[in-house]
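Everything on this sheet refers to the single structure shown next.
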Amino acid sequence: MAGHHGGDPAPPAVHRPRPIPVKPQPLSTSRCVGGRGFSLPHLRGRVGVGAVVALLLTGCGAEAVPSPAATSSQLQAEVVATEIVVGNQQRVPIGVTDHNTPVTDATVHVRSFVLNGNTGVFKGESDAPFKGQGLEGGGTYVAHLTFDKPGDWGVEVTASRPNGAHTTVRLP
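Below you can see the structure in the form of structure tokens.
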């Protein structure tokens with residue numbers, strides 16, 4: 455017997471178990487969910503908006519380098535998805551704020567890395583245009599990245615505004 459889905463003709467989403475909360479660690483990483491992807495809900499509260507992880511990941515290989523020094527810029531960026539799964543061209547929504555106010559005029563670029571301890575291997579990159587038409591000022595920047603295997607992933611978000619404000623944020 456088919457279950458009731460509230461009149462929604464779309465098939466129900468694949469049920470995935472909720473990730474078990476992870477104890478805070480010096481370098482918090484995204485965890486595999488059911489062997490199919492990784493989850494980001496623990497970023498809120500453990501990694502603040504605009505937090506910079508001590509990783510500078512290069513496209514030529516895996517290498518750990520100290521983070522750039524913090525600046526007085528109030529431009530901040532954060533991945534706003536609770537879960538991202540393995541697959542081609544997965545949607546990665548990014549929120550950008552300036553002085554805690556959402557902005558819609560930033561240029562955003564996202565790079566992805568497979569993490570292995572304190573190193574990472576560059577896997578891909580995408581521009582993230584703003585998607586908010588018809589939402590009266592609301593919306594997110596959306597990158598499309600390929601996550602080819604489950605495991606620990608990191609992203610580097612670079613955002614800049616026409617007024618010169620600029621930030622680069624690295625999130626596990």
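With the sequence shown counted from 1, adding 454 to any position gets you my numbering.
Cβ coordinates follow ideal geometry from the N, Cα and C atoms, glycine included.
- DSSP places residue 569 inside the beta strand (DSSP E), whose first and last residues are 561-570.
- Residue 541 sits exposed, since fewer than 16 C-beta atoms from the chains shown fall within 10 Å of its C-beta.
- Ranked by how close their Cα comes to the Cα of residue 561, the residues 551, 572 and 543 have 551 in first place.
- In this chain, the beta strand (DSSP E) harbouring residue 531 covers 529-533.
- Of 588, 621, 624 and 569, the smallest CA-CA separation from residue 603 is found for 569.
- The beta carbons of residue 564 and residue 609 sit closer together than 8 angstroms.
- Non-local beta-carbon contacts of residue 587 in its own chain, meaning distances under 8 angstroms to residues more than five positions away in sequence, involve 593 in chain order.
- In this structure, the beta-carbon distance from residue 566 to residue 578 falls below 8 angstroms.
- Between residue 530 and residue 621, the gap from beta carbon to beta carbon is short of 8 angstroms.
- Each residue's CA atom was taken as its position, placing residue 585 and residue 539 some 21 angstroms apart.
- The DSSP assignment places complete beta strand (DSSP E) segments of no fewer than 3 residues inside the region 567-621 at 573-581, 594-601 and 607-614, in order along the chain.
- Judged by DSSP in its simplified three-state form, residue 556 adopts strand.
- Per the DSSP secondary-structure output, residue 551 pairs in a beta bridge with 530 and 556.
- Secondary structure at residue 540: coil, using DSSP grouped into helix, strand and coil.
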